[in-house]
Amino acid sequence: MATATKKAPAKKAAKAVAKAAAQASAKPAAKNGAHKNGTQTNGVHTNGAAKSTGIPPKKGKGTFSEVAGKYCVRDISQAEEGRKLIQWAESRMPVLMHIRDKYKKSQPLKGLRLAGSLHVTKETAVLVETFAALGAEVSWSGCNPLSTNDPVAAALAKGGISIFAWYGNHEDFYWCIERTIDLKPNLTLDDGCDLINTVHEKYADYARKEVIGGTEETTTGVQRLRARAAAGKLYYPVYAVNDAITKWDFDNVYGTGQSTLDGILRATSVMFAGKKFVVAGHGHCGQGVAKRASGMGANIIITEVKATSAIKGVLEGYRVMSMDDAAKEGDIFCTATGVKDIIRKKHFLSMKDGAIVCNTGHYDAEINLKELEEVSKGKRTIRPNCEEYTLKNGNKIYVLAEGRLVNLAAAEGHPSEVMDMSFSNQLMCHLALAKAYKEGKKLPNQVLDIDPEQDEFIAETKLRTMGMSMDKLSKEQLAYINDYNAGT
Ligand code: RBV
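Residue 282 in my numbering is what sits at position 282 of the sequence shown, and the numbering runs on without skipping anything.
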């Protein structure tokens, strides 16, 4: 395996890296009592408690449960609650659990350190603990300020995982990512490229020499990654997990469809039937949202920039129009484009009184809240994840989850059953990276496609666990489809 680089990733972090590496080898997580560097462990710390360790202080307010260099979560006493959630997810993720069982003995990830930045949900916890069960040393942070489930984070910390994540982490988002890098990963796992970007931009030398490879979970992240690779600035191979058929065709469509509606309902409790529901972007995610909202009786309006995606909407029976026109008609708006400034000032100004606006794309750039503030005279929280803006023209507009992905911020993200396939892809890609590394094979520093056999294996295993059977082509049928002379 890769050994520690002689050149520290960066001067500033060098001290923290050395200290954290020493602590990381002292597994499992220190239990109650005094930590060897004198810091109190498993205690509740207020902001700034980690100063004496050489780790830069956090900015976030409130109390934390923290062991410097090992974990920082909101409240470790929630671990039992989190453990039950993880068990619930495990029982609905049979493919991932099957792969865990298959490789538990041979420990294919032993000796490797994996850092991840992905929503800290109960499903993610099953993935994280699978990495650990297969021998990896894992450090983790969230990939969105509003998507961490605090009890789940506590359960992971209690179970010995290095984790730096809490709900509402606006101020210390990158602080947490940096703490996972302190543990000197040689594998990275991203959802949205924030970890990869940090490693590449701040610790380029480390990225080139020490990181074997990585994975990226989501559409927006893969776009960023391809842009980085095209610019010649990708320093290690990264699998585009999002592009696996067993991810993209299921998680993005059915996962997003269900969890987005779940988020809107938890934040508003509105009735969908009879509403004009505007879906911005009719890609895989938008298709899922439109399909499910339509199923609940909403009238769907699609806005698009791509003609083929727009036609798909038309043939589904939806109306397609520009956002300028849709803004006047919609009752509920949901962006799913991966592009910034989809809903802007002019749209807010032409919306109906009481319009509900939310986003299910990865970043919070799709709804321009700054411009909404400019045309508003007041704002108040109506209920969790639902803010009422009163415009200068007197209309009210309701924004859900601060314009961040509503399915994870206001609900629990995609259901376990679909994350089973997405995260099995994550796991198998890391197994492939580890195998290539241990066999001395150098993979190219590019965005790597998923092996079609991996997709087939995951789909077949999923079907089997659902109790479904399939047909097999006979020899004669195989010969028939390959016979260019066969005809009428
Ligand atoms: N996502 N994860 C969950 N329950 O853990 N839900 C959604 C979960 C991922 C999904 O794969 C998508 O690509 C990404 O979040 C967007 O950030």
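Every residue, glycine too, gets a C-beta built ideally from N, C-alpha and C.
Keep in mind the model is a prediction, meaning the values are calculated, not measured.
Limits of the beta strand (DSSP E) - the one that residue i falls within
i      : result
Tyr389 : 386-391
Tyr167 : From DSSP, Tyr167 is part of no beta strand (DSSP E); its letter is neither H nor E.
Tyr398 : 396-400
Thr215 : 213-216
Thr188 : 187-190
Residue burial classification, residue i (beta-carbon count within 10 angstroms, cutoff 16)
i      : result
Ser117 : buried
Gly274 : exposed
Leu566 : Residue 566 is absent from the structure shown; the chain starts at 1 and stops at 488.
Val126 : buried
Arg208 : exposed
His430 : buried
Tyr493 : Residue 493 is absent from the structure shown; the chain starts at 1 and stops at 488.
Glu373 : exposed
Gly440 : exposed
Ala307 : exposed
Met466 : exposed
Arg383 : exposed
Tyr480 : exposed
Pro452 : exposed
Ala355 : buried
Asn485 : exposed
Val406 : buried
Residue i in three-state terms, based on DSSP
i      : result
Ala355 : strand
Ala231 : coil
Phe333 : strand
Ala240 : strand
Phe250 : coil
Glu137 : strand
Ser514 : There is simply no residue 514 to check, as the chain begins at 1 and stops at 488 in what is shown.
Ser259 : helix
Lys36  : Confidence in Lys36 is poor, its pLDDT being 30 and thus under 50, which makes the residue's placement too unreliable to answer from.
Leu448 : strand
Ser469 : coil
Ile367 : strand
Thr360 : coil
Thr63  : strand
Start-to-end residues for the alpha helix (DSSP H) that takes in residue i
i      : result
Cys429 : 416-438
Thr461 : 452-465
Phe131 : 122-133
Gly82  : 79-90
Val152 : 150-158
Ala68  : Run containing Ala68: none; DSSP gives neither H nor E here.
Ile382 : Careful: Ile382 lies outside any alpha helix (DSSP H), inside the beta strand (DSSP E) at 376-383.
Thr198 : 194-202
Val406 : 406-409
Asp101 : 94-103
Tyr480 : 475-481
Ser350 : 345-350
(message) If we require 4 or more residues per run, which alpha helix (DSSP H) segments fall completely within the segment 263-326?
(response) The segment 263-326 contains these whole alpha helix (DSSP H) runs: 284-295, 307-315.
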